[in-house]
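Worksheet: one structure, shown below.
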Amino acid sequence: MRLALFDLDDTLLDGDCSDRWNLWMIEQGWVSDAEGFMARAEVMQQAYHAGKLKLEEYLAMTLAPLRGRRVDDVQKEVERFVATHLQPRIFEQAWRCLDAHRQAGDTLVLISASACHLVAPIAAMLGIDHVLAVELEQDRLPGSAVYTGRSVGVLSYRGGKVTRLQQWLAEQGVEACHTTFYSDSRNDLPLLQYVDCAIAVNPDPVLAEVAGVEGWRRLDWRADTEQSI
Numbered sequence: 004m005r006l007a008l009f010d011l012d013d014t015l016l017d018g019d020c021s022d023r024w025n026l027w028m029i030e031q032g033w034v035s036d037a038e039g040f041m042a043r044a045e046v047m048q049q050a051y052h053a054g055k056l057k058l059e060e061y062l063a064m065t066l067a068p069l070r071g072r073r074v075d076d077v078q079k080e081v082e083r084f085v086a087t088h089l090q091p092r093i094f095e096q097a098w099r100c101l102d103a104h105r106q107a108g109d110t111l112v113l114i115s116a117s118a119c120h121l122v123a124p125i126a127a128m129l130g131i132d133h134v135l136a137v138e139l140e141q142d143r144l145p146g147s148a149v150y151t152g153r154s155v156g157v158l159s160y161r162g163g164k165v166t167r168l169q170q171w172l173a174e175q176g177v178e179a180c181h182t183t184f185y186s187d188s189r190n191d192l193p194l195l196q197y198v199d200c201a202i203a204v205n206p207d208p209v210l211a212e213v214a215g216v217e218g219w220r221r222l223d224w225r226a227d228t229e230q231s232i
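For what it's worth, this note's numbering labels the leading residue of the sequence shown as 4, then goes sequentially.
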């Protein structure tokens, strides 16, 4: 199996899906203290870009508005959100890149530190069958299920992405003969250094520096340029 792995936020998507979903939840009235919520989210985003975010803390805050909400109801909101706010923000080059890997017969996997209730519908929109993202805990009720506001399992973040990929391959009962991974973030260095072919897309300053040292291919889709380092 040849794998083409893709990060989502700022890689395939121009922006961060969780940031935009936070604003959507506020617009729907799901967040009581919107000002305080967004102030804390901004601090945590800065920590993420500095490579210092404790994802557990971010999830505890941003998943809280889902607590007690029916999974089906949330899914309907997410589908509207993806169609109106995210689909127009997929890089044109991303569509072409995905198609090229698909035509080459590669297996496409979207692997993200964002939560699965957002990532899975985006993957479906992109035509990607396999998703590795933060899994959410559910309470099963008669005739429905509700979110608890908590995550479960290994977080697909930093080294956790390597672990989740290894777990997924074991579950599939296959071995990867070649792996390519596209990402923008220093937080993905563990997986970038693990795969056979690392490609830096719209890289942050730290990743850009590492890519230069390692000789990784670099794609700047915001500027529509490609640089083979």
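Cβ coordinates follow ideal geometry from the N, Cα and C atoms, glycine included. Just so we're clear, the structure is a prediction, and the values are computed from it rather than from any experiment.
Check	Outcome
Are the stretch 154-161 and the stretch 171-185 touching by the rule of at least three beta carbon pairs closer than 8 Å?	no
Can you list the alpha helix (DSSP H) stretches of 4 or more residues lying completely in the stretch 68-117, in chain order?	74-84, 95-106
Which one of 226, 18, 197 has the shortest CA to CA distance from residue 217?	197
For residue 219, which residues from the same chain have a beta carbon less than 8 Å from its beta carbon, with the 5 sequence-adjacent residues on both sides left out?	195, 201, 202, 203, 213, 232
Going residue by residue through the stretch 143-205, where are the continuous beta strand (DSSP E) segments of at least 3 residues, counting only ones entirely within it?	147-155, 181-186, 200-204
Decide yes or no for the touch test of the stretch 31-39 against the stretch 135-152: beta carbon pairs closer than 8 Å, at least 3 of them.	no
On the three-pair Cβ rule with 8 Å, is the stretch 140-154 touching the stretch 180-195?	no
Looking at the unbroken beta strand (DSSP E) that takes in residue 56, where does it start and where does it end?	Per DSSP, residue 56 belongs to no beta strand (DSSP E) and is neither H nor E.
Less than 8 Å between CB atoms is the rule here; does residue 8 satisfy it with respect to chain D?	No chain D is present in this structure, which holds just one protein chain.
Tell me whether residue 31 sits in a helix, a strand or coil according to DSSP, three-state version.	coil
Buried or exposed: which applies to residue 75, given that a residue is buried once 16 or more other Cβ atoms fall within 10 Å of its Cβ?	exposed
Could you give the distance in angstroms between the alpha-carbon of residue 105 and the alpha-carbon of residue 39?	43 Å
Looking only at DSSP bridge pairs, what is residue 23 linked to?	According to DSSP, which records beta bridges pairwise, residue 23 is partnered with nothing at all.
What is the DSSP secondary structure of residue 11, reduced to helix, strand or coil?	coil
Can you give me the Cβ contacts of residue 60 inside the same chain, cut-off strictly under 8 Å, excluding the 5 residues immediately before and after it?	47
Quick check on residue 164: buried or exposed, where buried means 16 or more other Cβ atoms within 10 Å of its Cβ?	buried
When you compare each of 130, 44, 146, 52 to residue 97 by their alpha carbons, which one comes out closest?	130
Tell me whether residue 129 sits in a helix, a strand or coil according to DSSP, three-state version.	helix
So, helix, strand or coil for residue 136, using DSSP?	strand
Evaluate residue 120 with the Cβ neighbour count: other Cβ atoms within 10 Å of its Cβ, from every protein chain shown; 16 or more gives buried, anything less gives exposed.	buried
Given this structure, state the Cα-to-Cα distance separating residue 125 from residue 58, to the nearest angstrom.	21 Å
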